[in-house]
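In numbering that gives the first Met the number 0, the protein residues as written are 0 to 425.
Backbone N, C-alpha and C fix where the C-beta goes; we use that ideal spot for every residue, glycine too.
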Amino acid sequence: MTQNIIESFLEEKIGLDSIAIGRGVVEKAVRQRMAQCRLHNADAYVKYLVASNEEWNLLIERVVVPETWFFRNRKVFEYLVRFARDIWFPKNPGRILRILSIPCSTGEEPFSIAMAFMEAGIKKDRYHIDGIDISESALEKGKLGVYGPGSFRGKDLRFRNRFFHSRDDGYQLFSHVRETVRFKVGNVLDRRFASGGPYDVIFCRNLMIYMSPAARNKTLETMSRLLAENGIFFCGHAERQTALDWGFDAVHETGVFACRKRCRESGDQSPSMPSTRPLLNREIHEKKSTSIPKPPAANDLYPPKAPDSPTRFEPTASVPQPEEKVDLFLKARALADQGALPKALELCEVFLGDNPVHAEAHFLMGLIYEALHNEAKAEAFFNKAVYLNPDHFEALNQLAFIESNRGNQGGAERLRQRARRVRESR
0 MTQNIIESFL EEKIGLDSIA IGRGVVEKAV RQRMAQCRLH NADAYVKYLV ASNEEWNLLI
60 ERVVVPETWF FRNRKVFEYL VRFARDIWFP KNPGRILRIL SIPCSTGEEP FSIAMAFMEA
120 GIKKDRYHID GIDISESALE KGKLGVYGPG SFRGKDLRFR NRFFHSRDDG YQLFSHVRET
180 VRFKVGNVLD RRFASGGPYD VIFCRNLMIY MSPAARNKTL ETMSRLLAEN GIFFCGHAER
240 QTALDWGFDA VHETGVFACR KRCRESGDQS PSMPSTRPLL NREIHEKKST SIPKPPAAND
300 LYPPKAPDSP TRFEPTASVP QPEEKVDLFL KARALADQGA LPKALELCEV FLGDNPVHAE
360 AHFLMGLIYE ALHNEAKAEA FFNKAVYLNP DHFEALNQLA FIESNRGNQG GAERLRQRAR
420 RVRESR
């Protein structure tokens with residue numbers, strides 16, 4: 000009962016969907032905070048939590064899991080540079096391009112924007128970047144600008160030699176880059192959030208996948224309020240269709256998950272960024288195909304894989320996992336293969352409580368929920384698997400099936416194309 004009360008409070012305060020992030024994550028955070036407060040009674044902790052804004056902030060710090068790195072999906076930053084240099088600046092001479100990164104976490108995303116502009120020769124006085132996050136400790140790390148190996152991923156790390164210097168505890172970002180970003184604390188559900196808009200570009204990637212439906216709707220309302228007309232809204236791949244259904248227009252650029260705010264007066268569409276009107280729920284229902292492929296059987300959660308694409312269950316490189324925890328995950332997978340789905344689900348939730356960024360565990364949760372005919376939860380966990388590992392071939396295929404089943408054949412084909420590119424790159 001106490002767990003449910005705290006989860007309800009978290010949803011009300013920050014829009015957190017405990018199922019989406021994993022109830023084990025919330026439970027672990029509460030246990031840690033109770034130990035820190037030297038409270039052994041859950042009801043006493045709830046009373047303390049309600050009476051203390053500071054404790055709320057500390058609990059939220061424990062629940063929010065920052066998982067970010069520099070130039071995550073480099074195509075996004077390449078597109079932003081082209082948009083700014085070839086479209087926005089020529090149309091807005093003398094104006095400053097205003098950019099918002101929310102949630103900015105420890106600063107990797109907004110600093111990537113700044114470095115991309117610098118590499119393109121765009122002067123610092125032509126743009127302004129705000130980074131907003133609910134976590135004060137994350138923002139303090141961003142202001143300091145010292146990063147460890149986990150912030151540098153991918154093969155192309157030439158930017159690190161250009162913009163950082165090495166030190167004993169990591170890499171220090173040069174001050175002329177740090178000064179391009181203004182960090183602020185903020186909660187996107189606060190009605191006074193970022194009242195200093197409008198912004199010409201907003202990055203809000205992979206925030207809404209952890210939110211309740213009501214919080215997602217409120218977040219999109221806020222993004223629309225803050226975004227200038229015809230402004231660009233970068234979101235996560237799993238969030239783009241939600242934004243389109245809400246009323247944004249699509250930006251058609253391979254590998255870039257972005258939308259454009261529709262011009263209210265003229266409805267004019269820029270030729271450089273064609274748009275599509277989102278299907279209404281009624282139309283989606285009417286367009287459903289009668290020849291939709293059947294989903295995998297409940298007792299066939301892990302079909303045989305081709306030799307060139309083995310299913311990988313290693314933990315993510317940035318989060319080492321104790322051997323006994325990996326064994327717990329393997330046990331959950333074995334139970335799922337045997338058809339013991341409720342027990343597999345229970346073990347997987349426990350595992351995710353200690354390992355919230357384990358992509359394969361999220362994928363397994365998706366498969367279990369799919370076998371239990373809960374498509375909404377299955378989709379949420381497949382999306383998180385792809386968020387943590389953008390090249391997750393199996394999760395991309397599962398999401399393609401879900402989109403096809405929903406009647407969104409275009410979205411399904413885009414996901415299949417991504418999966419094919421992943422397969423071909425192996």
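Subject >> Distance, Ala-213 Cα to Glu-11 Cα >> reply: Taking the straight line joining both Cα atoms gives about 10 Å.
Subject >> N-terminal and C-terminal residue of the beta strand (DSSP E) that Leu-172 is part of >> reply: For Leu-172, the enclosing beta strand (DSSP E) starts and ends at 169-172.
Original post:
Can you tell me whether DSSP reads Lys-183 as helix, strand or coil?
Top reply: Per DSSP, reduced to three states, the secondary structure at Lys-183 is strand.
Subject >> Cβ pair Val-62, Ala-28 closer than 8 Å >> reply: Cβ atoms of Val-62 and Ala-28: closer than 8 Å.
**OP:** Note the first and the last residue of the continuous alpha helix (DSSP H) segment covering Ser-403.
**Re:** DSSP places Ser-403 in the uninterrupted alpha helix (DSSP H) bounded by 392-405.
Original post:
Cα separation between Ile-112 and Leu-96?
Top reply: Ile-112 and Leu-96: Cα-Cα distance of roughly 12 Å.
Subject >> Same chain, Cβ closer than 6 Å to Phe-381, five either side skipped, listed in chain order >> reply: Correct list, in chain order: Gly-365, Ala-394, Gln-397, Leu-398.
**OP:** Taking only the alpha-carbon atoms, compute the straight-line gap between Leu-226 and Arg-239 and give it to the nearest angstrom.
**Re:** Looking at the two C-alpha atoms, the distance is approximately 16 Å.
**OP:** Identify which residue in Arg-37, Ser-165, Lys-74 has its Cα closest to the Cα of His-251.
**Re:** Closest option to His-251, judged by alpha-carbon separation, among Arg-37, Ser-165, Lys-74: Lys-74.
**OP:** Identify whether Ala-249 lies in helix, strand or coil by the three-state DSSP scheme.
**Re:** Three-state result, Ala-249: strand.
Subject >> Three-state class that DSSP yields for Glu-238 in the structure shown >> reply: Of the three classes helix, strand and coil, the one that applies to Glu-238 here is coil, per DSSP.
Subject >> Rounded C-alpha distance that separates Val-24 from Ala-339 >> reply: If you take the alpha carbons of Val-24 and Ala-339, they lie about 23 Å apart.
Original post:
Mind checking whether Phe-69 and Ser-150 have CB atoms under 8 Å apart?
Top reply: Going by beta carbons, Phe-69 and Ser-150 fall inside the 8 Å limit.
**OP:** For the beta strand (DSSP E) containing Ser-211, list its first residue and its last residue.
**Re:** That residue, Ser-211, is in no beta strand (DSSP E); it is neither H nor E in DSSP.
Original post:
Just checking my contact of Leu-371 with Cys-347 at CB under 8 Å: how many whole Å lie between their CB atoms?
Top reply: That pair is no contact at about 12 Å.
Original post:
For Gln-171, which residues from the same chain have a beta carbon less than 7 Å from its beta carbon, with the 5 sequence-adjacent residues on both sides left out?
Top reply: Gly-144, Val-145, Phe-163, His-164.
Original post:
Gly-169 and Gly-141: beta carbons closer than 8 Å?
Top reply: Going by C-beta atoms, Gly-169 is not nearer than 8 Å to Gly-141.
**OP:** Give me the Cβ distance between Phe-232 and Ala-257, rounded to the nearest whole Å; I'm assuming they're in contact under 8 Å.
**Re:** Yes, they are in contact, since the Cβ atoms of Phe-232 and Ala-257 sit about 6 Å apart, within 8 Å.
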